[in-house]
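Novice: Sending over a structure as structure tokens; questions will come in a sec.
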Amino acid sequence: NVARTAPYFHDGRVATLELALEQELLGQGSEQIPLAPEEKRVLLAFLRALNDDDK
Numbered sequence: 227n228v229a230r231t232a233p234y235f236h237d238g239r240v241a242t243l244e245l246a247l248e249q250e251l252l253g254q255g256s257e258q259i260p261l262a263p264e265e266k267r268v269l270l271a272f273l274r275a276l277n278d279d280d281k
């Protein structure tokens with residue numbers, strides 16, 4: 227249910243799943259994860275698919 231549990235991070239500082247993903251991909255320093263726009267779109271679609279409709 228990750229797509230339904232905004233805000234994100236321990237302090238709720240990020241309002242959307244898209245922004246949370248962007249922040250995680252940016253990392254810190256050399257820890258950045260380079261993803262093409264299409265890869266980000268597919269990853270977000272996957273995360274949104276992980277919902278339990280019974281809850």
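FYI, in my numbering the residues of the sequence shown are 227 to 281.
All C-beta atoms, glycine included, are put in the ideal place defined by N, C-alpha and C.
Please confirm whether Val228 and Leu276 have their CB atoms less than 9 angstroms apart.
Specialist: Using a Cβ distance threshold of 9 angstroms, Val228 and Leu276 count as a contacting pair.
Novice: Tell me Val240's beta-bridge partners as DSSP assigns them.
Specialist: Tyr234
Novice: Taking DSSP as the reference, what is the three-state secondary structure of Gly255?
Specialist: helix
Novice: Cutting at 6 angstroms between CB atoms, please list the residues of its own chain near Gly253, excluding the five before and the five after it.
Specialist: none
Novice: From Gly238, Thr242, His236, pick the residue whose C-alpha is nearest to that of Leu273; which is it?
Specialist: Nearest neighbour of Leu273 by Cα position, chosen from Gly238, Thr242, His236, turns out to be Thr242.
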